[in-house]
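Heads up: the structure comes next, in structure tokens.
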Amino acid sequence: MADLKKLSKVSSLAGSVEVPGDKSISHRAVMFGAIADGKTEISNFLMGADCLSTVSCFRKMGVAIDIQEGLVTVEGKGLDGLEEPSEILDVGNSGTTTRLMMGILAGTDFHSCIIGDESIAKRPMSRVTNPLKLMGATIDGRENGQYTPLAIRGNNLNGINYESPVASAQVKSAILLAGLRTNQEETIVTEPHKSRDHTERMLRAFGVKVKEDERSASVIGGQNLKATNIFVPGDISSAAFFLVAGAIVPNSEILLRNVGINPTRTGILDVLKMMGASIEIIPQENQSFEPIADILIKSSSLKGTTISGDLIPKLIDEIPVIALLATQAEGDTIIKDASELKVKETNRIDTVVGELTKIGANIKATDDGMVITGKSNLLGNATVSSHGDHRIGMMLAIASCITEQPINLQDATAIDVSYPNFFDHLSVLSK
Ligand code: S3P
3 MADLKKLSKV
13 SSLAGSVEVP
23 GDKSISHRAV
33 MFGAIADGKT
43 EISNFLMGAD
53 CLSTVSCFRK
63 MGVAIDIQEG
73 LVTVEGKGLD
83 GLEEPSEILD
93 VGNSGTTTRL
103 MMGILAGTDF
113 HSCIIGDESI
123 AKRPMSRVTN
133 PLKLMGATID
143 GRENGQYTPL
153 AIRGNNLNGI
163 NYESPVASAQ
173 VKSAILLAGL
183 RTNQEETIVT
193 EPHKSRDHTE
203 RMLRAFGVKV
213 KEDERSASVI
223 GGQNLKATNI
233 FVPGDISSAA
243 FFLVAGAIVP
253 NSEILLRNVG
263 INPTRTGILD
273 VLKMMGASIE
283 IIPQENQSFE
293 PIADILIKSS
303 SLKGTTISGD
313 LIPKLIDEIP
323 VIALLATQAE
333 GDTIIKDASE
343 LKVKETNRID
353 TVVGELTKIG
363 ANIKATDDGM
373 VITGKSNLLG
383 NATVSSHGDH
393 RIGMMLAIAS
403 CITEQPINLQ
413 DATAIDVSYP
423 NFFDHLSVLS
433 K
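Counting in our numbering, the sequence shown runs from 3 upward without gaps.
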């Protein structure tokens with residue numbers, strides 16, 4: 003069968019790698035660079051399929067974007083400078099492209115259409131289209147504007163004071179970006195729990211005033227972005243796979259270099275500590291508006307824990323690999339308040355529970371998360387699938403490092419979405 007990868011146990015993992023640039027920050031750097039005045043240079047840009055979808059969409063709106071070996075140069079067109087695209091904007095598998103770009107398109111003076119792949123077509127868009135419509139944009143889509151394909155007619159926008167029902171940086175960012183297009187009005191977004199704050203930090207780097215408190219962020223419309231150079235730190239969501247690998251593969255020691263440790267993203271580090279992992283965080287000097295560290299992880303015995311509430315948005319993308327980690331911890335690990343997992347690239351409660359069960363984990367789905375009972379001897383000897391979801395694919399590849407028998411991984415190419423050199427790094431570390 004095409005795209006089937008046979009993966010086997012390793013005796014240990016050792017050495018050091020630098021994971022690729024952060025996906026969330028790479029998307030934002032291109033988008034904000036595109037609507038800024040002047041030239042933005044982005045180094046350590048993630049050359050994954052999702053970020054390349056963002057590049058391709060903005061090129062279709064007349065933005066010149068040059069890519070050379072991880073250095074991306076964006077010739078900004080200013081807040082009013084994007085051009086009406088003559089083609090449909092194809093976001094591929096990328097929810098971040100879809101939702102943040104809608105926030106930008108809402109305030110343009112033109113019409114645009116967005117489509118994506120099969121997975122995008124199932125992901126809820128009304129969480130973004132509803133507030134953008136309240137601000138004055140005209141947006142329609144399948145099933146009453148809920149799903150792609152979407153059609154957007156930009157408009158003059160008004161500010162809103164919006165209480166988001168979900169903690170979502172994509173929703174928050176779309177509203178703040180639209181908020182920049184109002185006539186000096188204030189736009190405020192409040193969330194049930196604070197989500198990642200890369201937009202707030204990066205807008206400030208582009209010279210925009212953003213107010214923030216515990217659960218809300220706001221901007222005043224009419225502020226222009228001034229181009230700046232951006233260094234993209236390593237993606238902690240990619241590092242998470244090797245952090246877990248280092249913790250669960252016996253006799254391992256892995257150093258992950260230059261990882262972004264923005265406190266709204268470091269839930270994985272909290273969980274590793276709560277479970278008793280041997281982990282050392284070594285902060286690195288840098289000029290960026292995002293903190294960076296080297297992280298050293300060594301294998302150790304682990305115990306189960308409970309993960310819920312405010313912690314969930316700080317590790318939402320890491321839950322698949324945390325579930326694997328929990329299979330190697332003594333006792334129960336309970337993950338709750340995480341129903342957002344159902345609307346990620348796949349329904350990650352179903353895909354995580356289904357695939358880990360196939361290889362011998364003791365894991366049960368709940369309404370808003372899962373319960374994992376360890377420590378399990380993972381047998382492997384199964385054909386598993388990424389279901390087209392990059393993070394499920396990488397979690398299963400890490401699982402294969404400890405399964406007694408090899409596993410066959412279907413659709414491993416999905417991993418290119420966020421970590422194109424994942425298997426090279428896995429093989430460099432494998433002993
Ligand atoms: C992202 C926010 C998160 C995350 C996604 C990237 C972002 O989604 O799961 O991978 O870059 O803003 P939500 O904001 O919908 O939780």
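From the three backbone atoms N, C-alpha and C, an ideal C-beta is built for every residue, glycine too.
Pull up the CB-CB distance for residue i and residue j, whole angstroms please, since I reckon it's below 8 Å.
| i | j | result |
| --- | --- | --- |
| Leu178 | Phe208 | Not a contact, Cβ separation roughly 12 Å. |
| Ser18 | Ile256 | 7 Å |
| Arg350 | Leu343 | 4 Å |
| Ala229 | Gly35 | 7 Å |
| Glu85 | Gly64 | 4 Å |
| Arg393 | Asp319 | 6 Å |
| Pro133 | Ser114 | Not quite, the Cβ-Cβ distance comes to about 18 Å (not below 8 Å), so this is no contact. |
| Ser432 | Leu136 | Not really, about 52 Å apart at Cβ, beyond 8 Å. |
| Ile321 | Ile336 | About 12 Å; that fails the 8 Å criterion. |
With DSSP run on the structure shown, which of helix, strand or coil describes residue i?
| i | result |
| --- | --- |
| Thr100 | helix |
| His29 | helix |
| Lys135 | helix |
| Asp352 | helix |
| Glu70 | The sequence shown places Gln at residue 70, rather than the Glu named in the question. Three-state result, Gln70: strand. |
| Met3 | Note that Met3 scores a pLDDT of 48, beneath 50, so its modelled location is shaky and nothing firm can be said. |
| Pro322 | helix |
| Leu313 | helix |
| Met396 | helix |
| Lys174 | helix |
| Cys115 | strand |
| Ser197 | coil |
| Met127 | coil |
| Glu342 | helix |
| Ser402 | coil |
Is the distance from the Cβ of residue i to the Cβ of residue j below 8 Å?
| i | j | result |
| --- | --- | --- |
| Leu245 | Ile299 | yes |
| Val130 | Val173 | yes |
| Thr405 | Gly376 | no |
| Ile106 | Thr150 | no |
| Asn163 | Ile190 | yes |
| Phe47 | Val74 | yes |
| Gly362 | Leu380 | yes |
| Gly340 | Ile374 | Looking at the sequence itself, residue 340 is Ala, so the reference to Gly does not match. No, they are not a contact pair. |
| Gly278 | Leu304 | yes |
| Lys41 | Gly78 | yes |
| Gly138 | Gly223 | no |
| Ala325 | Ile365 | yes |
| Val21 | Val261 | yes |
| Ala51 | Val419 | yes |
| Leu9 | Gln412 | no |
| Gly306 | Gly333 | yes |
| Ala176 | Met104 | yes |
| Phe243 | Ile44 | no |
| Gly80 | Ile37 | yes |
| Thr110 | Gly156 | yes |
| Cys59 | Leu91 | yes |
| Ala108 | Ile154 | yes |
For residue i, count neighbouring Cβ atoms within 10 angstroms of its own Cβ and tell me buried if that reaches 16, exposed if not.
| i | result |
| --- | --- |
| Gln289 | exposed |
| Gly248 | buried |
| Pro167 | exposed |
| Thr385 | exposed |
| Leu102 | buried |
| Leu428 | buried |
| Pro265 | exposed |
| Pro235 | buried |
| Ala66 | exposed |
| Pro285 | exposed |
| Pro252 | exposed |
| Glu193 | buried |
| Met3 | Confidence in Met3 is poor, its pLDDT being 48 and thus under 50, which makes the residue's placement unreliable; the coordinate value appears in the next sentence. Result: exposed. |
| Tyr421 | buried |
| Gly311 | exposed |
| Val76 | buried |
| Glu347 | buried |
| Lys213 | exposed |
| Val430 | exposed |
| Ser254 | buried |
| Arg144 | exposed |
| Asp391 | buried |
Taking 8 Å as the CB-CB cut-off, is residue i touching chain B?
| i | result |
| --- | --- |
| Asn288 | In the structure shown, chain B does not exist; there is a single protein chain. |
With a threshold of 7 Å, establish whether the CB of residue i neighbours any heavy atom of ligand 2.
| i | result |
| --- | --- |
| Ser175 | As for ligand 2, it is missing from this structure, which binds only ligand 1. |
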